[in-house]
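Asks: Numbering (the numbering used here), first residue to last: -18 to 382.
There's a structure below that I have some questions on.
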Amino acid sequence: MSGAATLPAGEALRRALVALLLGAAALTAGAAADRQGDFVHLWLGGRLAAAGGGPALYDPVAQRRALDAALGGSTPDRLWAPRNDALGTFFYPPPAALAYAPLGALPLRTAGLLHALLHAAGAAAAGLLLARWAGLRASAGALLVLTCPAAFFGHVLGQNGVWALLLIAAGLLLHQRGRPALGGLLLGLLVAKPHWLVLLAPAALALRSARLAAGAAAGAAGVALLSLLLLGPAPWRDWIIQLGALAQLSAAEGAPLRLLYGLPSAALRAGAPSWGPAVAGLLPWALAWAWAAARPGPTAAAGAVLLAGLASPHLHPYDVVVAIPALALVCARRPALGLGLAALHHGLLAAEGGGGSGMIVPWATLGLLVALGGLGAAALCGGEAAAHSGWPAGLRWARLR
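Here you go:
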């Protein structure tokens, strides 16, 4: 008999679903590119970097000129809001412009199509790496990511939450496989989204790995130095000058506050005093440090990733992948609980919808809190031990390990 014929029914079903989702992503890649979502602004940073426009990387006039040229002479209003006259549209630090430079060297539509295809592959790869780390079947890990609405938002908008998850997954797995310095180097690439790099610091404590922390510092410094050498000092100077305004971007007029799901944004929506968002962000970050110090291990590391999302002032729909490492661990250790948590987390994010609910504590944020509670419950019940037998009869078809 062939290998496919001997597959358990649940595994065959999961593989078929993975293939179906990847096929759907490939078939809709052109539509995603034509939508001209957030990817246009990310491509723009890469375009200026690839064209030798480093000194003008954060110049709104140069950005507008490059966008007009790419879009046939006129940039639509939805791609250039009034605030862009002062801040431009590319908000990431210079290493991010380098990362997008290969796509920036391509025509916009071609780059958008390629990014959509790569995004689907990156989502599946992140799931595979997390599956190996947590002790799941590869198909189960891939489905955790591919069925997450955040991955769909990233596909449609051309955004980068999945790329952050891929780096996190690779870092966790390399640490587990005895190569923490290399894992840290990859995590250091998150300097392209610098607030993530800072907020994820408790994960190194949770894993008791000085080499992971040192590798992350070296990776971040190396990429920053490379961008300094290739783009010159002007982009770093300009980005640092506007850093204060960027930090207040969520509270700026016209900012999509309803689409931000960290606790600082909930404080803003609630009309908290000026110090409220900072306190709302520090609380989950402090919890991550306390958890990492008190009960080190993979569970605390997954909790640190999830809590980094809750602490973030810039947790957009495509960034709500931070619970997936936690969901993977719970699925491996307590399959019934894990499947329920994953369905609830993904369902609440889907209920939030593309336009946002506008709730003070949105459905997506509630999903993160539910996942956090489930991870804590699984840790209290089973410690760091992997899952074993004892499957509920009704779930035997869905064996995840």
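Idealized CB from N, CA, C, for every residue including glycine.
Quick caveat, the model's predicted, so the values are computed rather than measured.
(1) Keeping to the same chain, check which residues put their C-beta closer than 6 angstroms to that of D300; ignore five residues upstream and five downstream.
(2) Along the alpha helix (DSSP H) that carries T91, what are the first and last residues, could you check?
(3) Just to confirm, is the Cβ distance from L249 to G262 under 8 angstroms?
(4) Can you tell me whether V397 is buried or exposed, with buried defined as 16 or more other CB within 10 angstroms of its CB?
(5) Can you tell which of L8, L230 and G93 has its C-alpha closest to the C-alpha of G27?
(6) Which same chain residues, not among the five before or five after I341, have their C-beta less than 6 angstroms away from its C-beta?
(7) Rounded to whole angstroms, what's the CA-CA distance from A345 to P130? Just pull it up for me.
(8) Quick one: grab the DSSP three-state call for I341.
(9) When the Cα atoms are used, what is the spatial distance from G213 to P36?
(10) Would a C-beta distance cut-off of 8 angstroms place L29 and A47 closer than the cut-off?
(11) Ordered along the chain, which non-local residues of its own chain (more than five positions away) have a Cβ less than 7 angstroms from that of W220?
(12) May I ask which residues mark the beginning and end of the alpha helix (DSSP H) holding G157?
(13) Round the Cβ separation of G355 and L329 to the nearest angstrom and send it over; I've been treating them as touching at under 8 angstroms.
(14) For my contact list, G165 and G152 are in at a C-beta cut-off of 8 angstroms; report their separation, rounded to the angstrom.
(15) Counting C-beta neighbours from all protein chains within 10 Å, is the total for V(-1) 16 or more, i.e. buried, or is it exposed?
(16) With a CB to CB cut of under 6 angstroms and the five nearest residues on each side skipped, what residues in its chain are close to P154?
(17) Assuming L127 contacts A150 under a Cβ cut-off of 8 angstroms, what Cβ separation, rounded to an integer in Å, is found between them?
(18) Quick check: A197 and G169, are their CB atoms within less than 8 angstroms of each other?
(19) Between which residues of its own chain and L238 is the CB-CB distance below 7 angstroms, once the five residues before and five after are set aside?
(20) Determine the extent of the alpha helix (DSSP H) in which G243 is found, giving its start and end residues.
(21) State yes or no: is the C-beta of A307 within less than 8 angstroms of the C-beta of G284?
(22) In terms of residue numbering, what span does the alpha helix (DSSP H) encompassing Y81 cover?
(23) Just to confirm, does W217 get its C-beta within under 7 angstroms of one of the non-hydrogen atoms of the ligand NAP?
(24) Under the three-state reduction of DSSP, which class applies to L325: helix, strand or coil?
(25) Enumerate in chain order the residues of its own chain whose CB-to-CB distance from A374 is below 6 angstroms, with the five nearest sequence positions on each side excluded.
(26) Count the other C-beta atoms from every protein chain shown that fall within 10 angstroms of the C-beta of S255, then say buried if there are 16 or more, exposed otherwise.
(27) What separation, rounded to the nearest whole angstrom, lies between the Cα atoms of T(-13) and A195?
(28) Alpha carbon to alpha carbon, what distance is there between L146 and A77?
(29) Helix or strand or just coil, what does DSSP make of T26?
(30) Alpha carbon to alpha carbon, how far is R59 from L318?
(31) Exposed or buried, which one is V21 when buried takes at least 16 other CB atoms within 10 Å?
(32) Is A50 buried or exposed, if buried means 16 or more other CB atoms sit within 10 Å of its CB?
(33) Alpha carbon to alpha carbon, how far is L89 from L347?
(34) Quick one, are the C-beta atoms of L186 and A289 less than 8 angstroms apart?
(35) Quick check: what's the CA-CA separation for F72 versus L79?
Replies: The relevant details are as follows:
(1) Start at 1 with the first residue of the sequence shown, and residue 300 comes out as number 319. Taken in chain order, the residues that qualify are G142.
(2) Sequence index remark: in the sequence shown, residue 91 carries index 110 (1-based). T91 -> alpha helix (DSSP H) spans L89 to A115.
(3) Residue numbering aside, residue 249 sits at position 268 when the sequence shown is read from its first letter. Residue numbering aside, residue 262 sits at position 281 when the sequence shown is read from its first letter. Going by C-beta atoms, L249 is not nearer than 8 angstroms to G262.
(4) As displayed, the chain neither begins before -18 nor continues past 382, which places residue 397 out of reach and without an answer.
(5) Position 46 of the sequence shown, counted from the start, is the residue given in the question as residue 27. For G27, the nearest C-alpha among the options comes from G93.
(6) Looking up residue 341 in the sequence shown gives position 360. Excluding positions up to five away in sequence, the list reads A247, R250 and A251.
(7) Within the sequence shown, numbered from 1, the residue matching residue 345 stands at position 364. Within the sequence shown, numbered from 1, the residue matching residue 130 stands at position 149. Spanning the two alpha carbons is a distance of roughly 10 angstroms.
(8) Numbered from 1 along the sequence shown, position 360 holds the residue referred to as residue 341. I341: coil per DSSP, three-state reduction.
(9) As a position in the sequence shown, residue 213 is number 232, starting the count at 1. As a position in the sequence shown, residue 36 is number 55, starting the count at 1. Cα to Cα, G213 sits roughly 7 angstroms from P36.
(10) Along the sequence shown, read from residue 1 onward, the residue named residue 29 stands at position 48. Along the sequence shown, read from residue 1 onward, the residue named residue 47 stands at position 66. Yes; because the gap between Cβ atoms is below 8 angstroms, this pair is in contact.
(11) Position 239 of the sequence shown holds residue 220. Same-chain partners within the cutoff: Y39, P74 and P75.
(12) Mapped onto the sequence shown, residue 157 falls at position 176. Residue 157 is actually Gln in this sequence, not Gly. Segment G142 to Q157, the alpha helix (DSSP H) holding Q157.
(13) Residue 355 sits at position 374 when you count from the first residue of the sequence shown. Residue 329 sits at position 348 when you count from the first residue of the sequence shown. Wrong, their Cβ atoms sit about 13 angstroms apart, outside the cutoff.
(14) By 1-based counting over the sequence shown, the position of residue 165 is 184. By 1-based counting over the sequence shown, the position of residue 152 is 171. Going by Cβ atoms, the distance from G165 to G152 rounds to 7 angstroms, so yes, they are a contact pair.
(15) For the purposes of this step, residue -1 is taken as residue 18 along the sequence shown, with counting starting at 1. The residue in question, V(-1), is buried, as its Cβ has 16 or more Cβ neighbours within 10 Å.
(16) Looking up residue 154 in the sequence shown gives position 173. First, the residue type needs correcting, since residue 154 is Leu and not Pro in the sequence shown. L110, R113 and W114.
(17) Reading the sequence shown from its first residue, position 146 is the one you call residue 127. Reading the sequence shown from its first residue, position 169 is the one you call residue 150. Rounded, the Cβ-Cβ distance is 14 angstroms, inconsistent with contact.
(18) Counting from one through the sequence shown, the residue named residue 197 turns up at place 216. Counting from one through the sequence shown, the residue named residue 169 turns up at place 188. Yes, Cβ-Cβ distance for A197 and G169 is below 8 angstroms.
(19) Here residue 238 corresponds to residue number 257 of the sequence shown, with the count starting at 1. Taken in chain order, the residues that qualify are S231, S246, L249 and R250.
(20) The count along the sequence shown starts at 1 and reaches residue 243 at position 262. Unbroken run through G243: none, as it is neither H nor E.
(21) What you label residue 307 is simply residue 326 of the sequence shown in a count that begins at 1. What you label residue 284 is simply residue 303 of the sequence shown in a count that begins at 1. Yes, the Cβ-Cβ distance between A307 and G284 is below 8 angstroms.
(22) As a working mapping, residue 81 is identified with position 100 in the sequence shown. First-last of the alpha helix (DSSP H) with Y81: P75 to G85.
(23) With respect to small molecules bound, the structure shown includes none, and the ligand NAP cannot be examined in it.
(24) In the sequence shown, residue 325 corresponds to position 344, counting from 1. Here L325 sits in helix by DSSP.
(25) Position 393 of the sequence shown, counting from 1, holds the residue named residue 374. Bear in mind that the predicted position of A374 carries a pLDDT of just 35, short of 50, making it too unreliable to give a figure here.
(26) As a position in the sequence shown, residue 255 is number 274, starting the count at 1. Looking at its Cβ environment, which holds fewer than 16 other Cβ atoms inside 10 Å, S255 is exposed.
(27) Within the sequence shown, residue -13 is the residue found at index 6, counting from 1. Within the sequence shown, residue 195 is the residue found at index 214, counting from 1. Answer to the nearest angstrom: the Cα atoms are 46 angstroms apart.
(28) Counting from one through the sequence shown, the residue named residue 77 turns up at place 96. Counting from one through the sequence shown, the residue named residue 146 turns up at place 165. Each residue's alpha carbon lies about 16 angstroms from the other.
(29) Mapped onto the sequence shown, residue 26 falls at position 45. It is worth fixing the name first, because residue 26 is Gly in this sequence and not Thr. G26 falls in the helix class under three-state DSSP.
(30) Position 78 of the sequence shown, counting from 1, holds the residue named residue 59. Position 337 of the sequence shown, counting from 1, holds the residue named residue 318. Approximately 42 angstroms between the Cα atoms of the pair.
(31) For the purposes of this step, residue 21 is taken as the residue at position 40 of the sequence shown. When all chains shown are included, V21 counts as buried.
(32) Taking the sequence shown and counting its residues from 1, the one referred to as residue 50 is at position 69. The residue is exposed, with fewer than 16 neighbouring Cβ atoms inside 10 Å.
(33) If you number the sequence shown from 1, residue 89 lands on position 108. If you number the sequence shown from 1, residue 347 lands on position 366. The alpha-carbon atoms of L89 and L347 are separated by roughly 37 angstroms.
(34) Taking the sequence shown and counting its residues from 1, one reaches residue 186 at position 205. Taking the sequence shown and counting its residues from 1, one reaches residue 289 at position 308. For L186 and A289, no; Cβs fall outside 8 angstroms.
(35) As a working mapping, residue 72 is identified with position 91 in the sequence shown. As a working mapping, residue 79 is identified with position 98 in the sequence shown. Going by the C-alpha atoms only, they are around 13 angstroms apart.
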